[in-house]
Amino acid sequence: MSFVVTIAKLQEAFTPGLTGYAKTLEQAISTGEAYDRSIAQDTQALERGRQVIAKAPGDLGKSDELLDAARPALLFFDRFLPLYNKWTYSALSLQEEVYAKFDRFRGIDFARFRADSESLRSVRQELVGADAVLRKAHDGLSTQWRGKAADGATEHIDRYLTVTDEVNRRFTTISAHTDNLTNGLVRDIQRLATEVIALHSADCGGYTPHQVDEMINFVRGETGMPLANAFSKVLSWTGDTSADVVKELPNVGSAAAAGVIKVLNAIRKSFEERLNERFAKNFTEKLKTFQDTLCKGREAAIREMWDGFRGATAKFTDHPFEKVPLLPPRGK
Numbered sequence: 003m004s005f006v007v008t009i010a011k012l013q014e015a016f017t018p019g020l021t022g023y024a025k026t027l028e029q030a031i032s033t034g035e036a037y038d039r040s041i042a043q044d045t046q047a048l049e050r051g052r053q054v055i056a057k058a059p060g061d062l063g064k065s066d067e068l069l070d071a072a073r074p075a076l077l078f079f080d081r082f083l084p085l086y087n088k089w090t091y092s093a094l095s096l097q098e099e100v101y102a103k104f105d106r107f108r109g110i111d112f113a114r115f116r117a118d119s120e121s122l123r124s125v126r127q128e129l130v131g132a133d134a135v136l137r138k139a140h141d142g143l144s145t146q147w148r149g150k151a152a153d154g155a156t157e158h159i160d161r162y163l164t165v166t167d168e169v170n171r172r173f174t175t176i177s178a179h180t181d182n183l184t185n186g187l188v189r190d191i192q193r194l195a196t197e198v199i200a201l202h203s204a205d206c207g208g209y210t211p212h213q214v215d216e217m218i219n220f221v222r223g224e225t226g227m228p229l230a231n232a233f234s235k236v237l238s239w240t241g242d243t244s245a246d247v248v249k250e251l252p253n254v255g256s257a258a259a260a261g262v263i264k265v266l267n268a269i270r271k272s273f274e275e276r277l278n279e280r281f282a283k284n285f286t287e288k289l290k291t292f293q294d295t296l297c298k299g300r301e302a303a304i305r306e307m308w309d310g311f312r313g314a315t316a317k318f319t320d321h322p323f324e325k326v327p328l329l330p331p332r333g334k
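Each residue of the sequence shown is one higher than the last, beginning at 3 in the numbering used here.
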């Protein structure tokens with residue numbers, strides 16, 4: 003049963019004119035049912051997301067597909083970050099602390115990398131074909147052509163074919179590195195999306211958003227119920243002394259009030275402990291895991307892959323044929 007429903011029952015018992023128990027119970031049930039529906043929607047969305055994440059790498063076009071598949075899991079932070087701010091008097095920004103970090107992985111175009119790799123393979127095939135035609139033509143001509151011009155042409159063609167052999171090898175290498183980079187990027191973003199989904203939870207420290215809000219409001223005397231508010235506020239003013247609380251609450255019988263106050267004080271202290279040791283602690287741990295282990299960790303892994311790719315392909319010059327001279331003009 004809702005925390006506040008219990009307090010509402012006590013309020014009605016001590017102040018018969020304030021009959022709010024039925025209404026409070028109705029509101030608690032309604033809130034719980036609405037939250038259950040929201041969680042059910044999350045579960046369905048995340049199951050669809052898992053199916054997207056499980057796709058073969060070649061079926062994924064951009065990182066956005068994977069991020070969108072995992073995005074419903076971040077509703078955990080939508081629901082609990084405002085409550086964490088409320089309880090701890092923090093000013094964390096949902097956009098800056100969560101979504102901006104998550105969205106840094108958007109825009110990685112797996113399909114474009116694959117297309118580039120395929121283009122390299124296609125160019126290599128064309129170059130290999132052209133080399134074969136040139137070799138065949140030169141071999142046929144060299145059996146009949148003699149002299150300095152023939153020797154110069156042979157030297158030139160040999161240099162050219164030596165360079166094209168190296169270019170072909172480089173094309174093969176770069177294409178392979180591009181494939182490895184693409185597969186690595188897909189794998190890392192898939193892993194990120196999977197781990198983000200694993201962070202999702204219907205509760206934080208064992209409590210739903212409504213329960214956390216109830217506990218905060220009760221501890222601070224902001225429940226919307228006069229008696230509960232009075233108990234909490236006076237308990238904080240008087241240092242939890244029951245006799246002083248009774249003095250501040252003249253409409254409540256002293257004998258009955260003393261026992262109730264003892265119970266309410268225990269509840270208040272229990273709520274404070276649960277908010278600090280369960281809710282706030284669990285939220286902090288999840289946020290740290292999301293920011294450091296998932297986002298920073300994956301970003302570092304992707305940067306390492308990219309640096310490795312650049313290092314492996316940096317040796318490929320933009321002008322591989324610059325050392326192959328033109329044939330000298332005839333007669334020179």
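Backbone N, C-alpha and C fix where the C-beta goes; we use that ideal spot for every residue, glycine too.
Everything numeric in this text was worked out from a predicted model, so none of it was measured.
Taking only beta-carbon atoms, is alanine 178 less than 9 Å away from chain C?
-> No chain C appears in this structure, which consists of one protein chain only.
Lysine 64 - partner residues in DSSP beta bridges = Partner(s): Asp111.
In the DSSP assignment, find the unbroken alpha helix (DSSP H) run with lysine 317 in it and report its ends.
-> Where lysine 317 is concerned, there is no enclosing alpha helix (DSSP H), given that its DSSP letter is neither H nor E.
Quick one: is the Cβ of serine 95 within less than 8 Å of any heavy atom of the ligand ZN?
-> Absence of the ligand ZN from the depicted structure is noted, as is the absence of any ligand whatsoever, leaving it without description.
By Cβ distance below 7 Å, which residues in the same chain neighbour glycine 63 in space, the five residues on each side in sequence not counted?
-> So the qualifying residues of the chain are Phe112, Ala113.
Return the chain-ordered list of same chain residues with a C-beta closer than 6 Å to the C-beta of phenylalanine 82, the five sequence neighbours on each side being excluded.
-> Here the set comprises Cys206, Phe285.
Consult DSSP for isoleucine 31 and reduce its assignment to one of helix, strand or coil.
-> Bear in mind that the predicted position of isoleucine 31 carries a pLDDT of just 49, short of 50, making it too unreliable to give a figure here.
Inter-stretch contact at 8 Å, needing at least 3 Cβ pairs: the stretch 185–198 / the stretch 127–141 = The count of Cβ pairs closer than 8 Å, one atom from the stretch 185–198 and one from the stretch 127–141, stays below three, leaving the stretches out of contact.
List the DSSP bridge partners of tyrosine 101.
-> For tyrosine 101, which the question treats as bridged, DSSP gives no partner whatsoever.
CB of alanine 72 within 9 Å of CB of threonine 180, strictly = Cβ atoms of alanine 72 and threonine 180: not closer than 9 Å.
Nearest-angstrom Cα separation, counted from leucine 77 out to glutamate 120 = So the two alpha carbons sit approximately 39 Å from each other.
Same chain, Cβ closer than 7 Å to serine 203, five either side skipped, listed in chain order = Answer for serine 203: Phe78, listed in chain order.
Return the CA-CA distance between tryptophan 239 and glutamate 67, expressed in angstroms with no decimal places.
-> With a pLDDT of 41 at tryptophan 239, under the threshold of 50, the modelled position of this residue cannot be trusted; read the value that follows with caution. If you take the alpha carbons of tryptophan 239 and glutamate 67, they lie about 54 Å apart.
How many Å lie between threonine 243 and glycine 51 at the Cα?
-> Below a pLDDT of 50, predicted positions are generally treated as unreliable, and threonine 243, at 46, falls in that range; the measurement from the model is reported next regardless. Distance between the alpha carbons of threonine 243 and glycine 51: 54 Å.
Within the stretch 155–206, note down every full beta strand (DSSP E) run reaching 3 residues or more, in order along the chain.
-> Counting only runs of at least 3 residues, the stretch 155–206 fully encloses no beta strand (DSSP E) element at all.
Exposed unless 16 or more other CB atoms sit within 10 angstroms - verdict on glutamine 127 = Exposed, since its Cβ has fewer than 16 Cβ neighbours within 10 Å.
When we look at the beta-carbon of arginine 300 and count the other beta-carbons within 10 Å, is it buried (16 or more) or exposed?
-> Flag for arginine 300 reads buried.
Is the beta carbon of leucine 201 less than 9 Å from the beta carbon of valine 169?
-> Cβ distance not < 9 Å, so leucine 201 and valine 169 don't count as in contact.
Would you tell me roughly how many angstroms separate the C-alpha atoms of lysine 2 and arginine 222, rounded to the nearest one?
-> Residue 2 lies beyond the residue range present for the chain, which begins at 3 and ends at 334; the question has no answer from this structure.
How big is the Cα-Cα spacing for alanine 314 and threonine 184?
-> Computed Cα separation, rounded: 14 Å.
Closest residue to phenylalanine 292 among Asp80, Leu194, Arg305, Asp44 (Cα-Cα distance) | Put simply, of Asp80, Leu194, Arg305, Asp44 the residue whose alpha carbon is nearest the alpha carbon of phenylalanine 292 is Leu194.
Ignore the nearest five residues each way along the sequence and tell me which others in asparagine 87's own chain have a CB closer than 7 Å to its CB.
-> Excluding its 5 nearest sequence neighbours in each direction, asparagine 87 has C-beta neighbours in its own chain below 7 Å: Ala93, Leu94, listed in chain order.
Excluding the 5 residues preceding and the 5 following threonine 174 in the sequence, name in chain order all residues of the same chain whose CB lies nearer than 7 Å to its CB.
-> Taken in chain order, the residues that qualify are Arg126.
Ordered along the chain, which non-local residues of its own chain (more than five positions away) have a Cβ less than 7 Å from that of threonine 166?
-> Cβ neighbours of threonine 166 within its own chain (closer than 7 Å, five residues either side excluded): Leu129, Asp133.
Looking only at its own chain, which residues have a Cβ that is under 6 Å from the Cβ of alanine 303, when we skip the five neighbours before and after it?
-> Asp190.
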